[in-house]
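Chemist:
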Amino acid sequence: MEKLLVKGKTKLNGKVCVQTSKNAVLPILAASILTDKEVIIKKCPKIIDVLNMIRILKELGCIVQWEGENIIIDSSGASKSEIPQNLAKELRSSIFMLGSILSRFHKAKVAYPGGCDIGIRPIDLHIKGLSMLNVKIEESGGTLYCEGKDLKGAVIHLDCPSVGATENIIMAAVLAKGETIIQNAAKEPEIVDLQNFINKMGGKISGAGSSIIHITGVDKLHGVEYRPIPDRIAAGTYLIGSAMTGGSIELSNCCTEHIYSLITKLKESTCKIDYINDKIYLKAAKRLQSIHTIETMPYPGFPTDLQAQMLSLTTIAKGTSIIIENIFETRYKHVAELIKMGAKITVRDRMAIVRGVKSLYGTQVCAHDLRGGAALLLAAVSAEGVTEISDVFHIDRGYENMTDIMISLGADIKRVNI
Ligand code: UD1
Numbered sequence: 035m036e037k038l039l040v041k042g043k044t045k046l047n048g049k050v051c052v053q054t055s056k057n058a059v060l061p062i063l064a065a066s067i068l069t070d071k072e073v074i075i076k077k078c079p080k081i082i083d084v085l086n087m088i089r090i091l092k093e094l095g096c097i098v099q100w101e102g103e104n105i106i107i108d109s110s111g112a113s114k115s116e117i118p119q120n121l122a123k124e125l126r127s128s129i130f131m132l133g134s135i136l137s138r139f140h141k142a143k144v145a146y147p148g149g150c151d152i153g154i155r156p157i158d159l160h161i162k163g164l165s166m167l168n169v170k171i172e173e174s175g176g177t178l179y180c181e182g183k184d185l186k187g188a189v190i191h192l193d194c195p196s197v198g199a200t201e202n203i204i205m206a207a208v209l210a211k212g213e214t215i216i217q218n219a220a221k222e223p224e225i226v227d228l229q230n231f232i233n234k235m236g237g238k239i240s241g242a243g244s245s246i247i248h249i250t251g252v253d254k255l256h257g258v259e260y261r262p263i264p265d266r267i268a269a270g271t272y273l274i275g276s277a278m279t280g281g282s283i284e285l286s287n288c289c290t291e292h293i294y295s296l297i298t299k300l301k302e303s304t305c306k307i308d309y310i311n312d313k314i315y316l317k318a319a320k321r322l323q324s325i326h327t328i329e330t331m332p333y334p335g336f337p338t339d340l341q342a343q344m345l346s347l348t349t350i351a352k353g354t355s356i357i358i359e360n361i362f363e364t365r366y367k368h369v370a371e372l373i374k375m376g377a378k379i380t381v382r383d384r385m386a387i388v389r390g391v392k393s394l395y396g397t398q399v400c401a402h403d404l405r406g407g408a409a410l411l412l413a414a415v416s417a418e419g420v421t422e423i424s425d426v427f428h429i430d431r432g433y434e435n436m437t438d439i440m441i442s443l444g445a446d447i448k449r450v451n452i
């Protein structure tokens, strides 16, 4: 177990090359078993979630190797269709494996998933969608037993645009007989990336990025070499950190169009932002101004995965800001920790009312989930005095070398064993 000791009031200045997207890589790793040929995924982030996904692939019988920043997957010898409970509990994305395991082995046994504790996070849409593709699913003792000898295309309407359910259905439909149409599909960039990855393997998918996705089943997929998209949430986190500390930052390896919703809010807080090609430049405002409302929505709305970091920013912005979390019902665990640091926040159901103070101050706080942990780290760097952050493993799940990057930008952070 490690904790962070952060001495605050340092500016985050400098350059960051943004990591590859965690949420793109995880489903792509799951989809790698759709073929028995070699798959190379370039510039994979070395983060705990990816390492756990690799453990799952190895458990299924794949040979997975790192070659520098790339991952090479050989699943020709994969034979198991079962994800052990201990691995499934560590990673919510294990549920995304259901679709690809069914496509490859026509049966699957997977325990209910773990991941961040940020709400109820049901999997009913995954189960309904797969059932419509002719998969028989039974649940017993927290484990799902699935049989899919004869996967058949179908028209599937999702009650809400779930990212994971959309990805799972795509992976189950890509080798099924006939055509599948997903209506009210999630439109996140990571779904477009999954489509592009599978199509490069010979799949026939179109429409990703819109709310209707068409999948025409094919007999076989071939090997592929693929570089997934940059991480829009990591990019956003560093922009917010620099804004909170009065810094100036240049990000490279960005897809600006993926974070317009954040850029608009940072401009509202009076930061200066420019972008060209894959670069984004931010110069912080002298004094951040409050943001009228930030309401999380499915893409292209404001991402729930940047809510905690922006909430952290508004704690030191002049005036009152309103945050509304529409996606996950209990995604405010960082609020109690920020209040310990002097923030003035009131939460009523899904709404947080934040009255900005001049500065937060250091104290002992705990990271309860990945993005909430990142939000606390940003708060700590901007605060007066020393902040101790425990349970930092949450941050390591999704950010590659975040503390080293922050130190290279000027933060004073020590990682200590406890
Ligand atoms: C993915 C992301 C996560 C992000 C989230 C929303 C990955 C690995 N994770 O999570 O970082 O915060 O999208 O952008 O890509 N829902 C149901 N039934 C279901 C599935 C979902 O009701 O079967 C609900 C959820 O409770 C939630 C909403 O749908 O309220 C969105 O969840 P979903 O899009 O599925 O999130 P994940 O795929 O788990």
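Numbered by the working numbering, the letters in the sequence shown go through residues 35 to 452 in order.
Ideal placement from N, C-alpha and C gives every residue a C-beta, glycine not left out.
1) Report the rounded CA-to-CA distance for residue 260 versus residue 188, giving the unit in angstroms.
2) For residue 95 and chain B, any beta-carbon pair shorter than 8 Å?
3) I want to check one thing, is the minimum distance from the CB of residue 196 to the heavy atoms of ligand 1 below 7 Å?
4) Just confirm the distance between the C-beta atoms of residue 202 and residue 132, as a whole number of angstroms; I'd bet it's less than 8 Å.
5) I'd like to know if the segment 339-351 and the segment 392-409 are in contact, where contact means that at least 3 CB-CB pairs between them fall below 8 Å.
6) Between which two residues does the alpha helix (DSSP H) holding residue 343 run?
7) By the 10 Å Cβ neighbour count, where 16 or more other Cβ atoms means buried, how is residue 270 classified, buried or exposed?
8) Please report the Cβ distance between residue 53 and residue 79, rounded to the nearest whole angstrom; I am assuming they are in contact, meaning their Cβ atoms lie under 8 Å.
9) Run through the segment 245-301 for me and flag every whole beta strand (DSSP E) of 3 or more residues, listed as ranges in chain order.
10) Report all residues from its chain with a CB closer than 8 Å to the CB of residue 277; omit the five preceding and five following residues, and keep chain order.
11) What do you reckon, are the CB atoms on residue 176 and residue 146 nearer than 8 Å?
12) In chain order, what residues of the same chain lie with their CB nearer than 8 Å to the CB of residue 245, ignoring the 5 residues before and after it?
13) So what's residue 371 in DSSP terms, helix, strand or just coil?
14) With a threshold of 7 Å (Cβ to nearest heavy atom), would residue 126 be considered close to ligand 2?
15) Name, in chain order, the residues that DSSP records as bridge partners for residue 177.
16) Could you tell me whether the segment 157-165 touches the segment 101-116, using the rule of 3 or more Cβ pairs below 8 Å?
17) Let me make sure I understand the geometry here. Which of 425, 57, 40, 37 has the alpha-carbon closest to that of residue 227?
18) According to DSSP, residue 39 sits in a beta bridge with which residue or residues?
19) Given residue 241, which residues of its chain have a CB within under 6 Å of its CB, disregarding the five upstream and five downstream residues?
20) Check this for me: beta carbons of residue 37 and residue 420, under 8 Å apart or not?
21) Would the C-beta of residue 81 count as close to ligand 1, meaning under 7 Å from any of its heavy atoms?
22) Put residue 321 into one of helix, strand or coil per three-state DSSP.
23) Note down, in chain order, each residue of its chain lying with its Cβ closer than 6 Å to the Cβ of residue 71, except the 5 sequence neighbours on either side.
24) To the nearest angstrom, how far is it from the Cα of residue 364 to the Cα of residue 237?
25) Would the beta-carbon of residue 60 be found less than 7 Å away from any heavy atom of ligand 1?
26) Which residue wins for smallest C-alpha separation from residue 309, given the options 333, 273, 281?
27) On a CA-only basis, which of 293, 335, 136, 185 is nearest residue 55? Give me that one, please.
28) Please report the distance separating the alpha-carbon of residue 403 from that of residue 411.
29) Can you grab the Cα-Cα spacing for the pair residue 362 / residue 338, in whole Å?
30) Cα separation between residue 251 and residue 134?
31) Say yes only if the C-beta of residue 91 is nearer than 7 Å to one or more non-hydrogen atoms of ligand 1, and no if none qualify.
32) Fully enclosed by the segment 83-127, which beta strand (DSSP E) runs are 3 residues long or longer?
33) Using 8 Å as the threshold, is the C-beta distance between residue 342 and residue 406 below it?
34) Please report the distance separating the alpha-carbon of residue 408 from that of residue 275.
35) I'd like the span of the beta strand (DSSP E) that includes residue 213, first residue to last.
Modeler: In terms of the structure at hand:
1) For this step, residue 260 is matched to residue 226 along the sequence shown. For this step, residue 188 is matched to residue 154 along the sequence shown. Each residue's Cα considered, the two are about 29 Å apart.
2) Protein chain content of the structure displayed is limited to a single chain, and chain B is not contained in it.
3) Counting from one through the sequence shown, the residue named residue 196 turns up at place 162. Within the cutoff, so yes.
4) Here residue 202 refers to the residue found at position 168 when the sequence shown is read from its first residue. Here residue 132 refers to the residue found at position 98 when the sequence shown is read from its first residue. Indeed, because the Cβ distance is near 6 Å, the residues count as touching under 8 Å.
5) yes
6) Reading the sequence shown from its first residue, position 309 is the one you call residue 343. Here the alpha helix (DSSP H) through residue 343 covers 341-348.
7) The count along the sequence shown starts at 1 and reaches residue 270 at position 236. When all chains shown are included, residue 270 counts as buried.
8) Reading the sequence shown from its first residue, position 19 is the one you call residue 53. Reading the sequence shown from its first residue, position 45 is the one you call residue 79. Indeed they touch by this definition, with Cβ atoms about 4 Å apart.
9) 246-250, 258-260, 282-286
10) Reading the sequence shown from its first residue, position 243 is the one you call residue 277. The answer, listed in chain order, is 300, 303, 305, 316, 318, 319, 322, 347.
11) Position 142 of the sequence shown, counting from 1, holds the residue named residue 176. Position 112 of the sequence shown, counting from 1, holds the residue named residue 146. Result yes, Cβ atoms of residue 176 and residue 146 sit closer than 8 Å.
12) Along the sequence shown, one-based indexing puts residue 245 at 211. Excluding positions up to five away in sequence, the list reads 195, 217, 218, 219, 221.
13) Residue numbering aside, residue 371 sits at position 337 when the sequence shown is read from its first letter. Note: residue 371 maps to helix in three-state DSSP.
14) Looking at this structure, you won't find ligand 2 anywhere; what it does contain is ligand 1.
15) By one-based count along the sequence shown, residue 177 stands at place 143. Partner(s): 145, 174.
16) no
17) Here residue 227 refers to the residue found at position 193 when the sequence shown is read from its first residue. Closest by alpha carbon: 57.
18) What you label residue 39 is simply residue 5 of the sequence shown in a count that begins at 1. For residue 39, which the question treats as bridged, DSSP gives the partners 422, 448.
19) Counted from its first residue, the sequence shown places residue 241 at position 207. Within the same chain, residue 241 has close Cβ partners 247, 248.
20) Here residue 37 corresponds to residue number 3 of the sequence shown, with the count starting at 1. Here residue 420 corresponds to residue number 386 of the sequence shown, with the count starting at 1. Against a cut-off of 8 Å, the Cβ pair of residue 420 and residue 37 comes out as no contact.
21) Here residue 81 corresponds to residue number 47 of the sequence shown, with the count starting at 1. Result no, Cβ not under 7 Å from ligand 1.
22) Numbered from 1 along the sequence shown, position 287 holds the residue referred to as residue 321. Coil.
23) Position 37 of the sequence shown, counted from the start, is the residue given in the question as residue 71. For residue 71, where only same-chain residues beyond five positions count, the Cβ hits under 6 Å are 256, 257.
24) Residue 364 sits at position 330 when you count from the first residue of the sequence shown. Residue 237 sits at position 203 when you count from the first residue of the sequence shown. About 38 Å.
25) Taking the sequence shown and counting its residues from 1, one reaches residue 60 at position 26. Within the cutoff, so yes.
26) By one-based count along the sequence shown, residue 309 stands at place 275. For the residues 333, 273, 281, the minimum Cα distance to residue 309 belongs to 273.
27) Looking up residue 55 in the sequence shown gives position 21. Closest by alpha carbon: 293.
28) Counting from one through the sequence shown, the residue named residue 403 turns up at place 369. Counting from one through the sequence shown, the residue named residue 411 turns up at place 377. So the alpha carbons of these two residues sit roughly 12 Å apart.
29) Here residue 362 refers to the residue found at position 328 of the sequence shown. Here residue 338 refers to the residue found at position 304 of the sequence shown. Answer to the nearest angstrom: the Cα atoms are 8 Å apart.
30) Within the sequence shown, residue 251 is the residue found at index 217, counting from 1. Within the sequence shown, residue 134 is the residue found at index 100, counting from 1. For residue 251 and residue 134, the distance between alpha carbons rounds to 13 Å.
31) Along the sequence shown, read from residue 1 onward, the residue named residue 91 stands at position 57. Outside the cutoff, so no.
32) 97-101, 104-108
33) The residue you call residue 342 lines up with position 308 of the sequence shown. The residue you call residue 406 lines up with position 372 of the sequence shown. Yes, they are a contact pair.
34) Position 374 of the sequence shown, counted from the first residue, corresponds to residue 408. Position 241 of the sequence shown, counted from the first residue, corresponds to residue 275. Those two C-alpha atoms are separated by around 9 Å.
35) Start at 1 with the first residue of the sequence shown, and residue 213 comes out as number 179. Looking at the DSSP string, the run of the beta strand (DSSP E) that includes residue 213 is 213-217.
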